[in-house]
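The next block holds one structure in the form of structure tokens; read it before the comments.
Residue numbers (our numbering): -14 to 38.
Here it is, written out as structure tokens:
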């Protein structure tokens, strides 16, 4: 089992910097994100679902 803990310091900024591309090349069973600073509507969850999350 692979677990990743990542302090994104703002998920919207992380997405702009390639978070989804990074996530696609670093698969894990569990991903913990800290300091997301966003609401559910701020993130396109379809991209996460496409990656299997």
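No residue lacks a Cβ here, since even glycine has one placed at the ideal position from N, Cα and C.
Here the structure is a predicted model, which is why all the values come from computation and not from measurement.
(request) Check each candidate in -10, -4, -11, -14 and name the one with the smallest Cα separation from residue 30. (result) Distance check between residue 30 and each of -10, -4, -11, -14 places -4 closest, using alpha-carbon atoms only.
(request) Assign residue 8 to one of three DSSP states: helix, strand, or coil. (result) The answer is helix: DSSP assigns residue 8 an H, G or I state.
(message) With H, G and I counted as helix, E and B as strand and the rest as coil, what does DSSP make of residue 18?
(response) In the structure shown, residue 18 sits in a strand (DSSP, three-state: E or B).
(message) Between the alpha carbons of residue 16 and residue 9, how many angstroms are there, rounded?
(response) Going by the C-alpha atoms only, they are around 12 Å apart.
(request) Name the two residues that bound the continuous alpha helix (DSSP H) containing residue 34. (result) Segment 30 to 35, the alpha helix (DSSP H) holding residue 34.
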